[in-house]
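Residue numbers for the sequence shown follow my numbering, so the first one is 6 and each next one is one higher.
Shown next, in structure tokens, is the structure this report addresses.
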Amino acid sequence: MTETDFAFLRLLLRQRSGLALGTDKRYLAESRLSILCRRRSIESIEVLMQRMRLGRDPQLEAAVVEAMTTNETLFFRDRTPFDLFRDVLLPEKLAANAASRSLRIWCAAVSSGQEAYSLAMLIDDMAERLAGWKIEILGTDISGDVLEKARSGIYSQFEVQRGLPIQMLLKHFSQRGDKWQIADRLRAKIDFRQHNLLERNDHFGRFDIVFCRNVLIYFDVPTKEKALDLLAQRLAPAGGLVLGATETVVGLVTALQPDPQHRGLYRPATGPRPAATPAFPRPLDRRAPGRNATAH
């Protein structure tokens with residue numbers, strides 16, 4: 006890949022997805038685009054870049070963006086955010102929304118669905134407590150390919166072993182040959198849609214809880230600011246935004262501020278402070294024997 010083609014690719018990715026591809030990542034671009042060229046029967050990366058410059062093939066452009074997007078994920082990734090959801094955010098929202106008996110959750114950059122299904126499993130484990138509640142989970146990602154996988158709810162043995170306790174696997178999945186499929190009742194809880202975090206999201210409405218983890222780390226500062234501003238607009242006044250362990254809003258936006266009691270949790274800067282609520286008793290110990298170590 007020439008310097009000129011690599012510079013064009015970096016600009017394209019930043020404009021279309023917000024991905025800030027480092028100057029030291031040319032080898033990665035060559036590797037991933039070579040695979041794309043073989044799949045599409047395109048003679049070379051140079052020919053691919055020539056077609057991209059013409060700007061006449063939106064589907065090819067989308068394929069390039071998908072090829073360069075990182076979609077690493079696993080069930081209950083990092084575990085702490087899911088403890089935060091179950092022990093802090095969920096009790097808090099059930100108390101605050103008792104009149105409406107409704108709860109809206111958004112998993113932004115959901116990849117192949119493991120994060121959204123992890124939340125759905127926690128909610129399903131409290132079905133008796135949540136009887137009569139309307140709970141919506143929206144999962145969005147820029148990649149159409151990973152969303153198709155998310156909608157299918159089918160995962161390999163390797164994928165279900167990464168972070169998923171054996172008790173939850175047996176309760177919420179059924180085996181299909183050498184694959185595992187998540188229960189239809191959980192698939193029905195989640196609406197998966199294709200969405201770019203840098204595009205307007207007014208039509209989504211407001212959410213009580215937003216998860217957007219381990220995606221901002223790939224953005225430069227101006228792109229982080231734009232993405233966080235758009236996320237803040239969708240957060241309910243007493244809502245909570247959960248970011249990845251190495252991500253923050255500090256120094257980037259004024260519409261959000263860190264929750265002083267919970268690392269990784271951010272609140273609307275002008276919203277009401279939620280009242281403290283007792284955590285629910287855990288239905289199971291997620292550290293029980295049989296749980297494989299997570300990969301990060």
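Beta carbons: idealized from backbone N, C-alpha and C, even for Gly.
Fair warning: this is a prediction, and the values are worked out from it, not measured in the lab.
Open item on the list: Helix, strand or coil for Ala-12? Go by DSSP, reduced to three states.
Closed with: In the structure shown, Ala-12 sits in a helix (DSSP, three-state: H, G or I).
TODO: Rounded to whole angstroms, what's the CA-CA distance from Arg-109 to Glu-141? Just pull it up for me.
DONE: Answer to the nearest angstrom: the Cα atoms are 5 Å apart.
Task: 9 Å Cβ cutoff met for Thr-253 and Gly-23 - done: No, they are not a contact pair.
Open item on the list: Along the chain, where does the beta strand (DSSP E) containing Asp-150 start, and where does it finish?
Closed with: Annotation for Asp-150: no beta strand (DSSP E) segment contains it, though the alpha helix (DSSP H) segment containing it runs 149 to 157.
Open item on the list: For Ser-161, count the other beta carbons within 10 Å of its own beta carbon; 16 or more makes it buried, fewer makes it exposed. Which is it?
Closed with: Ser-161 sits exposed, since fewer than 16 C-beta atoms from the chains shown fall within 10 Å of its C-beta.
- [ ] Look up Arg-346 in the DSSP assignment and say whether it is helix, strand or coil.
- [x] For residue 346 there is no data in the structure shown, the boundaries of the chain being 6 and 301.
TODO: Identify the continuous beta strand (DSSP E) that holds Tyr-271 and give its terminal residues.
DONE: Where Tyr-271 is concerned, the enclosing beta strand (DSSP E) starts and stops at 270 to 273.
Task: Integer Cβ distance of Leu-257 from Pro-273, believed to fall under 8 Å - done: Wrong, their Cβ atoms sit about 15 Å apart, outside the cutoff.
- [ ] Give the single residue among Leu-59, Leu-17, Arg-56 and Val-69 whose Cα lies nearest to the Cα of Leu-38.
- [x] For Leu-38, the nearest C-alpha among the options comes from Val-69.
Task: beta strand (DSSP E) segment containing Thr-145, residue limits - done: Counting along the chain, the beta strand (DSSP E) containing Thr-145 begins and ends at 139 to 146.
TODO: Indicate whether Arg-239 and Phe-197 have their beta-carbon atoms separated by less than 9 Å.
DONE: Result no, Cβ atoms of Arg-239 and Phe-197 do not sit closer than 9 Å.
Task: Close Cβ partners of Ala-12 (< 6 Å) along its chain, the five nearest in sequence each way excluded - done: Excluding residues up to 5 positions away in sequence, nothing lies with its Cβ nearer than 6 Å to the Cβ of Ala-12 in the same chain.
Open item on the list: Need the endpoints of the beta strand (DSSP E) that Ile-187 sits in, please.
Closed with: Note, Ile-187: beta strand (DSSP E), 184 to 187.
TODO: Could you check if Gly-244 is buried or exposed, using at least 16 other CB atoms within 10 Å of its CB as the buried criterion?
DONE: Under this definition Gly-244 is a buried residue.
Task: Supposed close pair Leu-79, Met-126 - CB separation, criterion 8 Å - done: Beta-carbon to beta-carbon, Leu-79 and Met-126 are separated by about 14 Å, too far to satisfy the 8 Å threshold.
Open item on the list: By the DSSP assignment, the alpha helix (DSSP H) with Met-135 in it spans what residues?
Closed with: In the sequence as presented, Met is not what sits at residue 135; that position holds Leu. Leu-135 -> no alpha helix (DSSP H), and no H or E assigned at all.
Open item on the list: To the nearest angstrom, how far is the alpha carbon of Lys-30 from that of Lys-184?
Closed with: Distance from the CA of Lys-30 to the CA of Lys-184, rounded to the nearest whole angstrom, comes to 34 Å.
- [ ] Starting from the C-beta of Glu-230, find all residues in its chain whose C-beta is less than 8 Å away, skip the five residues before and the five after it, and write them out in chain order.
- [x] The residues Leu-257 and Val-258, in chain order, have a CB closer than 8 Å to that of Glu-230 in the same chain once the five nearest residues on each side in sequence are set aside.
- [ ] Give the single residue among Ile-159, Gly-118, Leu-53 and Asn-201 whose Cα lies nearest to the Cα of Ile-195.
- [x] Comparing C-alpha distances from Ile-195 to each of Ile-159, Gly-118, Leu-53 and Asn-201 shows the shortest one belongs to Gly-118.
- [ ] Alpha carbon to alpha carbon, how far is Asp-146 from Val-115? Give it in angstroms, no decimals.
- [x] Answer to the nearest angstrom: the Cα atoms are 6 Å apart.
TODO: For Asp-225, collect the residues of the same chain with a Cβ closer than 7 Å to its Cβ; drop the 5 residues on either side in sequence, then sort them by chain order.
DONE: Contacts found: Ala-25.
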